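A.B. asks:
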Amino acid sequence: MRCYCGAKDHKLLFCASSYQIVQCLACDQVRTITPSKIERKQIYNKEDISVYIEKEVMFRLLFKRIVDFIKQYKKDGTFVDIGAGVGLLVDEARRAGFDASGIEPSLSAVRAARKFFHIQLLHTKFTEKSMKKPVDIVVLNHVLEHLPNPHAVIRTIANVLEKDGLLVIGVPNFGSIMSLLKKSRWQSLVLDQHRWHFTQKNT
Ligand SMILES: [Zn+2]
Numbered sequence: 013m014r015c016y017c018g019a020k021d022h023k024l025l026f027c028a029s030s031y032q033i034v035q036c037l038a039c040d041q042v043r044t045i046t047p048s049k050i051e052r053k054q055i056y057n058k059e060d061i062s063v064y065i066e067k068e069v070m071f072r073l074l075f076k077r078i079v080d081f082i083k084q085y086k087k088d089g090t091f092v093d094i095g096a097g098v099g100l101l102v103d104e105a106r107r108a109g110f111d112a113s114g115i116e117p118s119l120s121a122v123r124a125a126r127k128f129f130h131i132q133l134l135h136t137k138f139t140e141k142s143m144k145k146p147v148d149i150v151v152l153n154h155v156l157e158h159l160p161n162p163h164a165v166i167r168t169i170a171n172v173l174e175k176d177g178l179l180v181i182g183v184p185n186f187g188s189i190m191s192l193l194k195k196s197r198w199q200s201l202v203l204d205q206h207r208w209h210f211t212q213k214n215t
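Numbering-wise (our numbering), the sequence shown opens with residue 13 and increments by one.
1. Using 7 Å as the cut-off, classify the Cβ of residue 41 as near or not near the heavy atoms of ligand 1, replying yes or no.
2. Can you tell me the Cβ-Cβ gap for residue 117 and residue 137, rounded? I've got them flagged as a contact below 8 Å.
3. So for residue 134, helix, strand or coil by DSSP?
4. Examine chain D for any beta-carbon lying closer than 8 Å to the beta-carbon of residue 17, and answer yes or no.
5. Tell me whether residue 19, by its Cβ, gets closer than 7 Å to a heavy atom of ligand 1.
6. Using the Cα positions of residue 191 and residue 151, report the straight-line distance between them to the nearest angstrom.
7. Go through its chain and collect everything with a Cβ distance to residue 133's Cβ below 6 Å, but skip five positions before and after it.
8. Within the present structure, is the beta-carbon of residue 38 separated from the nearest heavy atom of ligand 1 by less than 7 Å?
9. Between the stretch 79–87 and the stretch 176–186, do at least 3 Cβ pairs fall closer than 8 Å?
10. Give every residue of the same chain whose Cβ lies closer than 7 Å to the Cβ of residue 104, excluding the five residues on either side of it in the sequence, and list them in chain order.
11. Using three-state DSSP, classify residue 176 as helix, strand or coil.
12. Figure out for me which residue from 33, 26, 29, 176 has the closest Cα to the Cα of residue 146.
13. Can you tell me the Cβ-Cβ gap for residue 21 and residue 37, rounded? I've got them flagged as a contact below 8 Å.
14. Mind checking whether the beta-carbon of residue 27 lies closer than 7 Å to any heavy atom of ligand 1?
15. Take the Cβ of residue 139 as the centre, count every other Cβ of all protein chains shown within 10 Å, and call the residue buried at 16 or more, exposed below.
16. Along the beta strand (DSSP E) that carries residue 113, what are the first and last residues, could you check?
17. Do residue 26 and residue 188 count as a contact pair if the criterion is CB distance below 8 Å?
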């Protein structure tokens with residue numbers, strides 16, 4: 013797999029089981045090279061969902077912090093969470109007064125949102141047509157690192173945002189102290205799911 017900048021050349025940073033973590037020589041972006049025999053997991057499965065149900069209180073606190081951060085820039089308006097999971101961020105945004113909705117490609121997650129949290133999400137992949145335009149706030153929370161082409165998704169979001177709209181992106185920090193200390197044992201590597209490993213410098 014090439015880097016999203018188009019370059020192929022890279023240096024090996026380290027290996028973790030049969031995966032390689034490499035850095036692009038052209039743009040410094042770090043990425044996972046997955047062995048061809050392993051199938052990459054794209055969307056939520058039942059195990060991922062059960063974590064949100066068991067730790068609902070903790071996740072709500074985390075998501076409320078994101079909503080509080082957004083409140084510093086926008087007090088109200090339309091709010092779309094792309095890759096909404098089981099919908100807890102959407103629910104926290106609604107509680108804070110936003111006109112919030114969520115898009116989620118995993119049917120299991122959409123069903124869990126309805127069953128456990130009474131939150132209705134749109135079951136679809138994100139495209140320009142999948143939302144009512146224009147939107148005041150778009151959130152991509154722990155989504156970008158999964159996508160084959162993150163730049164294309166950001167370009168599409170630019171087309172659906174209001175002129176003064178806000179895009180909020182949350183990703184694991186590959187440049188964090190925990191990542192540097194733990195290397196291949198860092199829990200946010202999640203190599204069967206994460207293609208890209210961002211730092212503050214190359215995000
Ligand atoms: Zn690159």
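From the three backbone atoms N, C-alpha and C, an ideal C-beta is built for every residue, glycine too. Quantities reported herein were computed from a predicted structural model and do not represent experimental measurements.
C.D. replies: In short:
1. By one-based count along the sequence shown, residue 41 stands at place 29. Within the cutoff, so yes.
2. Mapped onto the sequence shown, residue 117 falls at position 105. Mapped onto the sequence shown, residue 137 falls at position 125. Contact holds; Cβ gap of about 5 Å.
3. Sequence index remark: in the sequence shown, residue 134 carries index 122 (1-based). It is a strand residue.
4. Judged by its chain identifiers, the structure shown contains no chain D, having just a single protein chain.
5. Counted from its first residue, the sequence shown places residue 19 at position 7. For ligand 1, at least one heavy atom lies less than 7 Å from the Cβ of residue 19.
6. Taking the first residue of the sequence shown as position 1, residue 191 is located at position 179. Taking the first residue of the sequence shown as position 1, residue 151 is located at position 139. Between residue 191 and residue 151, the C-alpha separation is close to 24 Å.
7. On the sequence shown, residue 133 is found 121 positions in, with the first residue counted as 1. Taken in chain order, the residues that qualify are 96, 99, 114, 116, 122, 125.
8. Here residue 38 is taken as the residue at index 26 of the sequence shown, counted from 1. Under cutoff, so the answer is yes.
9. yes
10. Taking the first residue of the sequence shown as position 1, residue 104 is located at position 92. Once the five neighbours on either side are set aside, the close Cβ partners of residue 104 are 72, 75, 76, 79.
11. Counting from 1 along the sequence shown, the entry for residue 176 is found at position 164. Residue 176: strand per DSSP, three-state reduction.
12. To locate residue 146, count along the sequence shown from 1; it is residue 134. Minimum Cα distance to residue 146 is reached at 176.
13. As a first step, residue 21 must be located in the sequence shown, where it is residue number 9. As a first step, residue 37 must be located in the sequence shown, where it is residue number 25. Confirmed, Cβ separation roughly 4 Å.
14. Here residue 27 is taken as the residue at index 15 of the sequence shown, counted from 1. No, ligand 1 has no heavy atom inside 7 Å of this Cβ.
15. Counting from one through the sequence shown, the residue named residue 139 turns up at place 127. Burial call: exposed.
16. Taking the first residue of the sequence shown as 1, we reach residue 113 at position 101. First-last of the beta strand (DSSP E) with residue 113: 111–116.
17. As a first step, residue 188 must be located in the sequence shown, where it is residue number 176. As a first step, residue 26 must be located in the sequence shown, where it is residue number 14. Contact: no.
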